[in-house]
Each structure stands twice: as C-alpha cells, then as structure tokens.
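Reviewing the structure listed below.
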Amino acid sequence: MELWEYNLLSMVKRRWIPLTVIFLLLAAGFGYVYGTTPATVTTKATVSKTLYHWSGEIAGKGVVSRPNPIWDLGKRVELPIYPVSIMPVAEIALSFNVSGKDVNLKFEREMRVVYYISYDKERVIEETYLSVSNSSTGWFFTDHLLLNVSDVFNRIEMARNILKLPRESTGVEVIGKIRYSGTVDGKPVKGVQEFRGSISFPYEGFYKIEGESKNGTQTFTKTVTETRDVNQRKRALFLSLSVLFGVLAAATVLIGWKFDPDAYSVEKLMAERERKKLAKWISSGKLPKSLPAKRIELASLTDLVEAAIDMNKRVIHDAEKGVYFFLNEGVLYHFQEKSAEGEE
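With this note's numbering, letter number 307 in the sequence shown gets 327, and the count goes up by one each step, no holes.
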C-alpha cells in the first residue's frame, strides 16, 4: 500500500459516517433529478397531406373518312392541321383520372360543341351543335365524341353569308364539364372541373384542333402527435453522478467497517516511499566482510544518497542485512533500516 493510499483511507475511516450520509444524499438528489427530467416531449401539429391527384384533358384527332393514297379509311390521325376533304369528321376525347388510395368515385360529365360568330369580340351567334352526357364509377374515364367538322363549317359559312359582318371572327368550342363525388381513402370528396378545346379554320379547307390539359392536387389537414427525445445528455450526466455517489457511499461504508489503520506501519510506508523516490541512485549488493574502522551513520536514506551524489558514488543496498552504504576514502557511510535486526 502506498502512503497516500493509507492517508486517504485513514481520513475516510475517521469520517466515514458523515461522508456516507453526504454521498447518499447526493446519489438520491441526482437520481431524483434524473427521474424528473423528461426524456421525451410530445407536441401536436397540424400538417397538410395529399389526398389525391387529378388530371384531365380534351384532345382530338382526325378520322379518315374518304379514300386517299396515304391513310386507311377509319384511321384516327393526329396532325397539326387536318384537311376537310379527307377528314371531315373529328374525334374529340375527354379524359379524366383521379389517383390516390382506395379511389371510389362517381363521375357525371357533359361535352358540348358550340360554334359562334363574333363581331368586335362580342358574340352575335352562339349555337350548341352537339351535347353528350355520360356517367360512370371508378377512378378514371375517357369519353369520345364524333364531330362532323364539315357540317359545322357549312353552318358557320351559311350564317356568315347571311350576316355579312364587316369585322368578324368565328370558331368552334368544345366544353367538357365534370362533376365527381365519392370517397378517397375513406374520406368523402367532391369536385367540379372544366376543360376547353377549340376547332379553328386557319386556311380554307383545313381545320385545327386544340385542347386543354390540366392537373392538380387535393390536400387535407390533420393533427398529428409527434414525440421526440430531449435532455439525453443531461439525463446521462445525472444518472452517472447518481451511480457514482452511490458507489462512493458503498465504498465509504466498506472502508469504515473493514479498514484498520493499526495494521500498517506509517514508518514502513514512509520508508518505502523514500526508497522508490531514490531508487535510481541505489544498486543491490553485499556489505563487505572487512569493514573500515571509520564509519559514519546518516540519519536518513535521503541524506545518504545526497552524500553519495556529492562524492560521485552510488549507494549499495544489502537487503539481507537491511543496510544502505557506500565507501569513500576508507570511510563507510551507511544508513540502517529501522526494521533490520542487529548491527553490521
């Protein structure tokens, strides 16, 4: 045992009861703080989530209705511009779909074809040429309408010849209106969407089809509860301190009960500390059988080592006889260990 260990244990032995009480109070205090410091915090937040996406469009193609060397009869052709002489009929398509979880909807829709003649941007004639209604269930639909573009053009020309407006514009509108209702992911939904297309006559004997395409997202809000970890470092510190002081309290009790200071010699411990401190100047050896008559005994091992250093000598330790010594100019300098028995 080292001297410092002996002194520490002796001090704890003398005060082990109050030290135990202090350590227990500290352990309990940090344990209480650890237990009452929240590890998690719960918050409520309103979040917006996507319920479904929708998309739809009006588009058109020309239907080959008259023999020609390019396309087969009945073929649907998509071109930037269509010749009336070969494709007097156009096929207009209205499509719509809803994507989401467990989509169960009812769709009611109507497609109307309206032709008009305007004077100075105000419509003088507006007539519904064709109107088609339909309904279905599910998550999507596509409706087709065959439009006799040649006949519509003739009607517009007939009205123009009658009116003979000085500044006029003509055109054909295709309007698709959709109403839907039902459930998506078990939640009731409903909505209305409208899509527009047009047929124009940019050159004599030709027509052009343009359609609108749209999409969107429907969201809903809900309150969610979020739990997140907090105070992790603080709680770890409080727990560590509580355990540390608990261990110190147990160690203090053990020292108070078991440690006996009288079982150790303070002088021996001090001598051992001194030996370790001076070990690099000491070598092991034997005391000569023939000793000089002149002898000088020093009061401590430190004094002996310092004298040897001054005389450029090393101290010899005879462990068997318990004596430290060195010889210089016929004089024996020595220090006798207290535990050694007898004289040299």
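From the three backbone atoms N, C-alpha and C, an ideal C-beta is built for every residue, glycine too.
Beta-carbon to beta-carbon, residue 155 and residue 188 are separated by about 38 Å, too far to satisfy the 8 Å threshold. In this structure, DSSP gives residue 131 an extended state, which the three-state scheme calls strand.
Put simply, the segment 267 to 280 does not touch the segment 52 to 64. Fewer than three CB pairs are less than 8 Å apart. Residues of the same chain with a CB within less than 7 Å of the CB of residue 54, apart from the 5 flanking positions on each side, are 255, 258, 259 and 262 in chain order.
Under DSSP, residue 103 takes part in a beta bridge, and its partners are 226. Note on geometry: alpha-carbon atoms of residue 269 and residue 334 lie some 48 Å from one another.
By the neighbour-count criterion, in which a residue is buried when 16 or more other Cβ atoms sit within 10 angstroms of its Cβ, residue 82 is buried.
Around the C-beta of residue 122, fewer than 16 other C-beta atoms lie within 10 Å, and the residue is accordingly described as exposed. With a cut-off of 8 Å on Cβ pairs, the segment 102 to 119 is in contact with the segment 223 to 231, counting three or more such pairs.
Cα atoms of residue 326 and residue 320: separation of roughly 10 Å, rounded to the nearest angstrom. Beta-carbon to beta-carbon, residue 76 and residue 198 are separated by about 7 Å, close enough to satisfy the 8 Å threshold.
In the three-state DSSP reduction, residue 333 falls in the coil class, being neither helix nor strand. Distance from the Cα of residue 73 is smallest, within the candidate group 266, 311 and 239, for 239. Judged by beta-carbon spacing, residue 134 lies beyond the 7 Å limit of residue 230, meaning their Cβ atoms are not closer than that value.
By the CB criterion at 7 Å, residue 169 and residue 113 fall outside the cutoff.
For residue 306, the closest alpha carbon among the candidates 339, 317 and 32 is that of 339.
Leaving aside the five residues that flank residue 172 on each side, the residues in its chain whose CB is nearer than 7 Å to its CB run, in chain order, 135, 149 and 192.
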